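Below you'll find the structure, written out as structure tokens, and then a few comments.
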Amino acid sequence: TIFIGIASYRDYQCRETLESAFQRAENPDRIRVGVVDQIVAGEDVRCDEPMKPCEEDPDQALCKYRDQVDVYTMDAPLSVGPVFARHLGYRLYRGEYYATQSDAHVSFTQDWDTDIIHQLESTHNDMAVLSTYLTDIDGSIDPVSGKSLRNTRPIMCNTYYEGGPQGMHLRHGSQPERTPSIHGTPQLQPWWAAGYSFSRGHFIVNVPYDYLQSMIFQGEEMSIGIRGFTVGYDFYAPERSVCFHHYAHGVNQKKRNKVKHFWENGDMYAGTGKPAMKRLLGIVHMNPEVNPSKWDHADIDRYGLGGVRTPEKFYDFFGIDVVKKKTEGHLC
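Read in the numbering used here, the sequence shown has 98 at position 85, and its numbers run on one by one without any break.
So, in structure tokens, the structure goes:
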């Protein structure tokens, strides 16, 4: 069984993502989806609303598999960002053997489920997590067969420091995409990506999203990635892409640019992002210049570090200086 977790913010393509996930799966009966659907009632289409009424077309995935889709609907003005939304989404998990997380605007390839399971199992590592920034959909999937047209894949290796009012933090840049140099198994990489992740289900139990991360966008991925590293998880670039992203450029630019973002609520929650970032950085030991008494330690046992490795081990291994706020930049 596979659990798919999706946090959607006023995204008209969310239902298309679900339709694609079920229709192109080899074993759709083994898939269960949990969606946090942040919408404005009367303005936005619901993620679980079929394109047509089920009476007209009962073969739509959102009709055939409607009992396998759980949706937590949330008023969009209450949204404080993707971290809290995904925290809620993880609570919809019910013990499925595998777990995947994706954005709300992706298209899957034919038989994606058996392909990604095979890739994960080929690592022979129960603590493996396959994760990447997805390639753009344009020119990536054969519209007839549903098969991938790409023989390249991105690998998560490029990151740098950036800063603002919330503090200096790591941000992942654009990632190189090339033909895999290792064949028959995914390749180890330093970083985890929120837009696509596939693992054993225990990953989302052992590394849950922190509910005290209001108005955080940049920082989400390094938090989960470094915390996961301390629990003992290893991150890999998939050898083959099993889904592709609808970015706001090319043929999709006009429609995607109309989709709202959670920061339209910024004025309502002004001032919450800075303390949230202090906590995020403090948990992973990335802001040694800040006195630990200056950030919130609530539920730190649940949303803190593991005991297998330390964040310092991660920084030393991957060339990150948390004092000078520099990266060595040679991982690609």
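Think of the CB as a built atom: it goes at the ideal place given N, C-alpha and C, for glycine as much as any other residue. Predicted, not measured: the structure shown is a model, and the values here were computed from it.
For residue i, is the classification buried or exposed, using 16 other Cβ atoms within 10 angstroms of its Cβ as the cut-off for buried?
i, result
"Glu39", "exposed"
"Gly284", "exposed"
"Ser158", "exposed"
"Ala6", "Past the boundaries of the shown model lies residue 6; the chain is included only from 14 to 345, so the question cannot be answered."
"Asp334", "exposed"
"Val142", "buried"
"Met281", "exposed"
"Tyr173", "exposed"
"His9", "Nothing about residue 9 can be reported from this structure: the residues present for the chain run from 14 to 345 only."
"Glu29", "buried"
"Arg107", "exposed"
"Pro199", "buried"
"His196", "exposed"
"Asp80", "exposed"
"Phe275", "buried"
"Cys345", "exposed"
"His182", "buried"
"Cys27", "buried"
"Ala98", "buried"
"Pro90", "exposed"
Return the CA-CA distance between residue i and residue j, expressed in angstroms with no decimal places.
i, j, result
"Glu234", "Arg269", "23 Å"
"Ser115", "Gly241", "18 Å"
"Tyr316", "Ser92", "20 Å"
"Pro63", "Gly47", "16 Å"
"Tyr209", "Ile17", "10 Å"
"Pro167", "His118", "18 Å"
"Gly286", "Gln226", "7 Å"
"Asp124", "Ala74", "15 Å"
"Gln231", "Glu302", "20 Å"
"Thr9", "Lys337", "No answer is possible for residue 9: it lies beyond the span of the chain, which begins at 14 and ends at 345."
"Arg322", "Gly176", "27 Å"
"Lys65", "Arg37", "19 Å"
"Arg191", "Ala112", "26 Å"
"Asn300", "Tyr78", "46 Å"
"Pro305", "Gly295", "7 Å"
"Ser194", "Asp72", "41 Å"
"Leu105", "Ser212", "16 Å"
"Thr243", "Ile217", "14 Å"
"Gln132", "Lys307", "43 Å"
"Val318", "His310", "Looking at the sequence provided, one finds Leu at residue 318 rather than Val. Roughly 12 Å separates the two Cα atoms."
"Lys271", "Gly320", "44 Å"
"Thr340", "Asp329", "10 Å"
"Met228", "Asn278", "9 Å"
"Lys291", "His298", "10 Å"
"Gly263", "Pro324", "39 Å"
"Lys273", "Tyr25", "10 Å"
"Asp312", "Glu68", "48 Å"
Going by DSSP, name the residue or residues bridged to residue i.
i, result
"Ser21", "Asp50"
"Ser120", "Phe257"
"Thr340", "Ile333"
"Arg322", "Arg322 pairs with nothing; no bridge assigned."
"Ile217", "According to DSSP, which records beta bridges pairwise, Ile217 is partnered with nothing at all."
"Arg5", "Outside the displayed range of the chain (14 to 345) lies residue 5, so it cannot be described from this structure."
Apart from the five residues on each side of it in sequence, which residues of its chain come closer than 8 Å, Cβ to Cβ, to residue i?
i, result
"Met169", "Ser144, Thr145, Tyr146, His185, Gln188, Gln202, Pro203, Trp204, Trp205, Ala206, Phe248, Ala250"
"Glu109", "Thr14, Ile15, Phe16, Arg45, Gly214"
"Ile237", "Trp205, Ala207, Val220, Tyr222"
"Thr148", "Arg163, Thr165, Arg166, Pro167, Glu190, Ser254, Phe257, His258"
"Asn138", "Asp247"
"Gly332", "Thr340, Glu341, Gly342, His343, Leu344"
In its own chain, which residues sit with a C-beta less than 6 Å from the C-beta of residue i, not counting the 5 before and 5 after it?
i, result
"Ser33", "Ser120, Phe121"
"Val82", "Val46, Asp61"
"Ser135", "Thr198"
"His100", "Tyr222, Tyr224"
"Thr86", "Asp50"
"Gly102", "Gly18, Ala20, Gly47, Val49"
"Ile129", "Phe211, Val255"
Please work out which residues of its chain come closer than 7 Å, Cβ to Cβ, to residue i, disregarding the five sequence neighbours upstream and downstream, and give them in chain order.
i, result
"Ser161", "Thr122, Ser153, Ile154, Arg253, Ser254"
"Val84", "Val48, Asp50, Cys60, Asp61"
Exercise for the section: Could you pull out every unbroken beta strand (DSSP E) segment of at least 3 residues lying fully inside the stretch 130-215, listed in chain order? Expected result: Whole beta strand (DSSP E) segments, 3+ residues: 141-144, 172-175, 182-185, 200-202, 209-213.
Practice task
Enumerate, from N- to C-terminal direction, the unbroken beta strand (DSSP E) stretches of 3 or more residues contained entirely within the stretch 229-315.
Solution key: For the stretch 229-315, whole beta strand (DSSP E) runs of length 3 or above, ordered along the chain, are 247-250, 256-258.
Problem - Completely contained alpha helix (DSSP H) runs for the stretch 55-120, where each covers 4 or more residues - result: If we require 4 residues or more, the alpha helix (DSSP H) runs fully inside the stretch 55-120 come out as 74-77, 95-103.
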